[in-house]
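Report on one structure; see the data block that follows.
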Amino acid sequence: MSVTVDGDKTSSVPVRVRRILRGPRPERIPSLIGTACTLVGLLDIAAGVFPRFRASRVHALAEVLPGTLGPLSAAVSLSAGVLLLLLAHGLKRHKRRAWRAVVLLLPLGAAAQFVWRHSVLGSLLSLGLLALLLRHRDQFAALPDPRSRWRALANFVVMGAGSLALGLVVVSAHPRRVVGDPSLTDRLEHVLLGLVGVEGPVAYTRGVDWTVGYSLGALGMLTALTTLYLALRPEHPAARLTDEDEARLRALLDLHGGRDSLGHFALRHDKGVVFSPSGKAAVCYRVVSGVMLASGDPIGDVEAWPGAIERFMDEARAHSWTPAVMGCSETGGQVWTRETGLDALELGDEAVIDVDAFSLSGRAMRNVRQMVKRIERGGYTTRVRRVRDLSDDELDRVREAAAAWRGTDTERGFSMALGRIGAPGDGDAVIATAHLTDPDGTESPYGDLKAMIHFVPWGPDGMSLELMRRDRSADPGMNELLIVAALQAAPDLAIRRVSLNFAMFRSTLARGERIGAGPVLRLWRGLLLFLSRWFQIESLYKFNAKFQPRWEPRFVVYRTGRDLPRIGLAAMQAEGFLTFSLPRPFSRRPARAPRPCAHATPRGHRPRRGQHGLKPPPPPPGPTLVI
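Just add 27 to the spot in the sequence shown (first one is 1) and you have our numbering.
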């Protein structure tokens, strides 16, 4: 069978054949070139570490070159290989600066391979990759990421460890030139001294092995220069919400804030914002590990959402960030997928209570009713007020208690946490507090305050739960007590609806426990129950279900299935579950009062149940990686 490709007749050619004839799609070229850069970098490292081949046909030609070029070219090949490995990820992300650096490095690596290893093939591979980069230079136009000088410290640690490991390989790759059998400690000392240009304890048959010396010196210089560059280059911090941006967002929330319960969380100061051309809509975001992470629905008029979404996608393309949206509503998911071609996946459900329909009566509310009555008999009282109605002393006491009762050094929350209490402009927020006078007369630094929950405004007639915190010495059930108190006081505050926590995979847990559930659904539910040992998945769902809410689905919007693991890690970093913190001597930790404290409970993260009596609650759920 013959296939003719001519003009418009290509439609008769099978899709797979046409794709082969055309070559890779333009958007995949940077990824392919980045992978090729990784391979060339590994070849350059191997060329610099291991002894050269003597069987090369060009060996005689290379031998006529000055003898000092051999060890120097080995060091150059090794340095170029390490840098190419570091820059390969930037190429995959279309970064222009990575393209410029690689274009300069490839000729050096090719020349070093030819002089040291006498490798024509390795040199041709480097030059071939250089030709591809020049041919497709228009694909590498992404702007640099926001950066911080703390990356210099991370670079020093990572590059230092890598140089140490690679230096051990360099020292051990020339056994025939080593005198005796030096121990691992001697080799390690030789590498450490060689990185700073000092001869170590390992002896060689030729007195000094310049290949090893130059290679170790090159690794040490590479670590020092890259760290110095990162430390001294101009800092471009991540986007932050300016006073002007906040004022514009508050104006939009005054007009359209009742549409989404997560709207007020867009006022976090660690978020950036892009506005639609008309200024009637906006999308707030944070960039985490190369993921441009938005949360909730766009702010403002629905008719102007497409303009804000287009600006968001343009910003993501300009920096080659991975676009993602966490926790948007069904309407928001439909607009995002329609305007961008992205996909949506149901992430969980938000618990919403209609105040007019809430009541403690009935069998379904028996457990909550009994718990609230028991705590009230224990002498606890509650107060529910707007934040603007608190005195300055009360507000200071609440803030101090909230900081002391946070059980982790990291403030958790991103999509459903505000991260502050009583800031200017947040006077409409609602705070419910529980009070108890100690029977022994012991004076607490926070008076009789034992627990609190904080709500942010949700339009003119709603409020959305932001955090729940309590004293470790308080009785169990404080959260239930304060939520019921807030719901009962809501009519006096002109509140008609209350948004509680977000329950991930709620529908799976609910359907999986019903009779007749299929094996796949039961297996998926079993996996969620297993993960609930570390993450509050089942316990949070059951806690919300106590109050008989209606469930509003929330979605994650993503580009491809391959991006989901990366988006998940970025979301966990943004929410504070994966913490990459500095070593303690370099970190700033707020002073803590010497008071036993309970763990933080921002919206969506309730303490584990089952701890009663004098047993303290367990540490906060979720893994925390400290590097």
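A virtual CB, placed ideally from N, CA and C, is assigned to each residue, including glycine.
Query: Between Asp213 and Met186, what straight-line distance do the alpha-carbon atoms span, to the nearest angstrom?; Result: 21 Å
Query: So what's Val411 in DSSP terms, helix, strand or just coil?; Result: strand
Query: Once DSSP output is grouped into helix, strand and coil, what is the label at Ser347?; Result: coil
Query: Would you kindly work out how many angstroms separate the C-alpha atoms of Arg497 and Ala459, rounded to a whole number?; Result: 11 Å
Query: Less than 6 Å between C-beta atoms, sequence neighbours within five positions excluded: which residues of the same chain meet that for Arg523?; Result: Val382, Asp488
Query: Based on Cα-Cα distance, which residue from Trp432, Arg393, Ala450, Ala391 lies nearest to Arg415?; Result: Ala450
Query: Measure from the C-beta of Ile542 to each C-beta in chain C and report whether the shortest distance is under 7 Å.; Result: Absent here is chain C; the protein component of the structure consists of one chain.
Query: Using 7 Å as the threshold, is the C-beta distance between Val395 and Lys573 below it?; Result: yes
Query: For a test of the three-state rule: what should DSSP assign to Leu294, helix, strand or coil?; Result: helix
Query: Can you list, in chain order, the residues of its chain whose CB lies under 6 Å from that of Val511, leaving out five sequence neighbours each side?; Result: Val399
Query: Determine the burial state of Ile380: buried for a count of at least 16 other Cβ atoms within 10 Å of its Cβ, exposed for fewer.; Result: buried
Query: Taking the continuous alpha helix (DSSP H) assigned at Arg57, which residues delimit it?; Result: Correcting the residue identity first, residue 57 is Pro in this sequence and not Arg. Residues 56–76.
Query: Just the C-alpha distance for Thr364 and Glu373, rounded to the nearest angstrom, thanks.; Result: 13 Å
Query: Would you kindly report the start and end of the unbroken beta strand (DSSP E) that includes Val147?; Result: No beta strand (DSSP E) contains Val147, which is instead part of the alpha helix (DSSP H) from 147–162.
Query: Give me the Cβ distance between Phe529 and Gly290, rounded to the nearest whole Å; I'm assuming they're in contact under 8 Å.; Result: No, Phe529 and Gly290 are not in contact; Cβ-Cβ is about 15 Å, not under 8 Å.
Query: Got a sec? Which residues, its chain only, sit under 8 Å from Ile336 by beta carbon, not counting five neighbours each side?; Result: Val310, Pro325, Val362, Trp363, Glu366, Thr367
Query: Once DSSP output is grouped into helix, strand and coil, what is the label at Met495?; Result: strand
Query: Spell out a yes or no on whether the segment 131–150 and the segment 64–78 are touching, meaning 3 or more CB-CB pairs, one atom from each, closer than 8 Å.; Result: yes
Query: State buried or exposed for Ala429, treating a residue as buried only when at least 16 other CB atoms are found within 10 Å of its CB.; Result: buried
Query: Starting from Phe1, follow the beta strand (DSSP E) in both directions and report where the run begins and ends.; Result: Any property of residue 1 remains undetermined from this structure, which presents the chain solely from 28 to 654.
Query: CB-CB under 8 Å to Pro93, same chain, minus the five flanking residues each way: which ones, in chain order?; Result: With a pLDDT of 47 at Pro93, under the threshold of 50, the predicted position of this residue should be treated as unreliable, though the coordinate-derived value follows. Result list for Pro93: empty, nothing under 8 Å.
Query: Enumerate in chain order the residues of its own chain whose CB-to-CB distance from Ala513 is below 6 Å, with the five nearest sequence positions on each side excluded.; Result: Val411, Ala459
Query: So Ile594 and Ala321 are in contact, right, with Cβ under 8 Å, and what is the actual spacing, rounded?; Result: About 11 Å; that fails the 8 Å criterion.
Query: Please report the distance separating the alpha-carbon of Ile402 from that of Thr409.; Result: 11 Å
Query: I'd like the span of the beta strand (DSSP E) that includes Lys477, first residue to last.; Result: 476–484
Query: Near Glu90, which residues of its chain fall below 6 Å by C-beta distance, leaving aside the five closest residues on each side in sequence?; Result: Its pLDDT being 48, under 50, Glu90 is placed unreliably by the model, and nothing is read from it.
Query: Leaving out five residues before and five after Trp126 in sequence, what residues of the same chain have Cβ atoms less than 7 Å from its Cβ?; Result: Leu118, Leu160, Arg164, Phe167
Query: Grouping DSSP H, G and I as helix and E and B as strand, with all else coil, what is Asp370?; Result: strand
Query: Does the structure place the segment 274–287 close enough to the segment 327–347 that three or more beta carbon pairs sit under 8 Å?; Result: yes
Query: Would you call the CB atoms of Ser288 and Ser534 closer than 7 Å?; Result: no
Query: Please report the straight-line C-alpha distance between Phe532 and Asp590, rounded to a whole angstrom.; Result: 19 Å
Query: Short check: CB of Ile564 to CB of Leu555, under 7 Å?; Result: yes
Query: Thinking Leu222 and Gly189 are a contact (beta carbons under 8 Å), I'd like their distance in whole angstroms, please.; Result: Contact flag wrong, Cβ pair sits at about 11 Å.
Query: Leaving out five residues on either side along the sequence, give the residues of the same chain with a beta carbon under 8 Å from the beta carbon of Leu154.; Result: Leu133, Pro134, Ala137
Query: Let's test the definition: count the other Cβ atoms within 10 Å of the Cβ of Trp561 and tell me whether it reaches 16, buried, or not, exposed.; Result: exposed
Query: Rounded to the nearest angstrom, what separates Leu268 and Leu111 at their Cα positions?; Result: 36 Å
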